[in-house]
Amino acid sequence: MFKLRQTWAPFFTNLALYNLDTRTHDIDPAWPITARVPDPPPLTQNIHLNPNFLQRVCYISKISRVEQVFFVSF
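According to the working numbering, the stretch in the sequence shown is residues -17 to 56, in order.
Okay, structure coming up:
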């Protein structure tokens, strides 16, 4: 079985092979884990904004620009 498992590397992702190795190792402690430990996903910071808030801020900034032009022109 182990020799057959060694031929799967070109066809399966490293994560799939690592999961297979660890599950098989849980059943059979003599099974070696040959796949690399998968890298943790990169930490990305997600910022979630309320679209209604953005529209209101944009609208207010347009009004203030119009008022500035109106006051400066007189």
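Positions of the beta carbon are idealized from the N, C-alpha and C atoms, including for glycine.
Taking the straight line between their C-alpha atoms, what separation do you get for residue i and residue j?
{"i": "THR16", "j": "PRO23", "result": "21 angstroms"}
{"i": "ALA(-2)", "j": "THR4", "result": "10 angstroms"}
{"i": "ILE29", "j": "THR(-11)", "result": "43 angstroms"}
{"i": "ALA(-9)", "j": "LYS(-15)", "result": "12 angstroms"}
Whose CA, out of the options, lies closest to the CA of residue i?
{"i": "ASP21", "options": "ASN(-4), THR(-11), ALA(-9), TRP(-10)", "result": "ASN(-4)"}
{"i": "HIS7", "options": "MET(-17), ASN34, PHE(-7), PRO33", "result": "MET(-17)"}
Only counting the same chain, and skipping five residues up and downstream in sequence, which positions put a Cβ closer than 6 angstroms to that of residue i?
{"i": "ILE9", "result": "none"}
To which residues of the same chain is residue i closer than 8 angstroms at the C-beta, ignoring the five residues directly before and after it?
{"i": "VAL19", "result": "TYR0"}
{"i": "GLN27", "result": "none"}
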